[in-house]
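Inspection log for the structure reproduced underneath, given as structure tokens.
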Amino acid sequence: MEFLSTPEFWIALAQIIMINIVLSGDNAVVIALACRSLPPEQQKKAIMFGSVGAIVLRIVLTFFAVYLLQLPYLKLVGAVLLLWIGIGLLKGDDGEEDLESHSGLSAAIKTIIIADLVMSLDNVIAVAAAAKGNVVLLVVGLGISIPLIIYGSTLILKLMARFPVIITIGAGLLGWVAGEMALSDPAIAGWSAAHHSLHSIAPAVGAVLVVVTGKWLLARQPEPATAD
74 MEFLSTPEFW IALAQIIMIN IVLSGDNAVV IALACRSLPP EQQKKAIMFG SVGAIVLRIV
134 LTFFAVYLLQ LPYLKLVGAV LLLWIGIGLL KGDDGEEDLE SHSGLSAAIK TIIIADLVMS
194 LDNVIAVAAA AKGNVVLLVV GLGISIPLII YGSTLILKLM ARFPVIITIG AGLLGWVAGE
254 MALSDPAIAG WSAAHHSLHS IAPAVGAVLV VVTGKWLLAR QPEPATAD
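Using our numbering, you'd call the opening residue of the sequence shown number 74 and step up by one each time.
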């Protein structure tokens, strides 16, 4: 355990903490969006079980981060999936009133895990790079992610109740991240690097696409029947 006394260990740990603080915000948003229509008690369960499942998948992803970084088309597929999740969350697919409570809870947990899996690619790659192969640093860094994601999503849920516009902003954020993710795919990295303007345009297009499509689909949904 001599490495615990070296400055390199603590510098790398500080880097991992900062990476998680910066990059876990998106994950907290999607957790909050997926849980917003559940009863308060089920919200807590969805946040806990969804976050734990997401962290387990993140551990697996971290140990394969270098390999995943070299896989072409993986981030392109992830970007499309993230757009789909953002649109579905905005138009309310995660909380239909005619669903049984356990079905809504299961759907929220599944959405949390899938979205975190997609959105964690950049996070785990950055953490793996900062850890430089140190398993202890990897485990500690991933452990720090758990309270960051759980606390962040709980706070955002409370804000959503007071300011519903956050739901639209959060869905747009997922579209923005999808645009950034697509451009970083190794299959098109060289092409996107030669077109610098795309790094501003693609995220904006993704955000607008999610918000406009989600709002349009929401407007097309039939009005709920009212009791006489």
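Cβ atoms here follow ideal geometry from the backbone N, Cα and C, with glycine treated the same way.
All values derive from a computational prediction rather than experimental measurement.
Element boundaries [alpha helix (DSSP H), containing residue i]
i    : result
L156 : 147-163
R109 : No alpha helix (DSSP H) holds R109; DSSP gives it neither H nor E.
T241 : 238-256
Closer than 6 Å: residue i CB and nearest the ligand NAD heavy atom
i    : result
L156 : This structure lacks the ligand NAD; in fact it carries no ligand of any kind.
DSSP-derived helix/strand/coil call for residue i
i    : result
I261 : coil
S179 : helix
Q115 : helix
A234 : helix
P295 : coil
L144 : coil
A267 : coil
F137 : coil
G168 : Annotation note: pLDDT 41 at G168 (below 50); position unreliable, no value reported.
T79  : coil
E173 : The predicted model places E173 with a pLDDT of 37, which falls under 50 and marks its position as unreliable; any figure quoted below should be read in that light. Coil, per DSSP.
A300 : Because the pLDDT of A300 is 48, which lies under 50, any placement of that residue in the model is unreliable, and the number read from its coordinates should be weighed accordingly. Residue state, collapsed to three classes: coil.
Cβ neighbour criterion (16 or more within 10 Å) applied to residue i
i    : result
E81  : exposed
D167 : Only weak support is given to the placement of D167: the predicted model assigns it a pLDDT of 45, under 50, and the value that follows is read from those uncertain coordinates. So D167 counts as buried.
H175 : Its pLDDT being 40, under 50, H175 is placed unreliably in this model, and the coordinates cannot settle the point.
V191 : buried
L156 : buried
S270 : exposed
I182 : buried
K148 : buried
S273 : exposed
M254 : buried
V129 : exposed
Nearest-angstrom Cα separation, counted from residue j out to residue i
i    : j    : result
A234 : G263 : 43 Å
P295 : I240 : 21 Å
L282 : V197 : 27 Å
G159 : T135 : 24 Å
C108 : F236 : 15 Å
L290 : G126 : 30 Å
I132 : A277 : 31 Å
A260 : A251 : 16 Å
M91  : P113 : 31 Å
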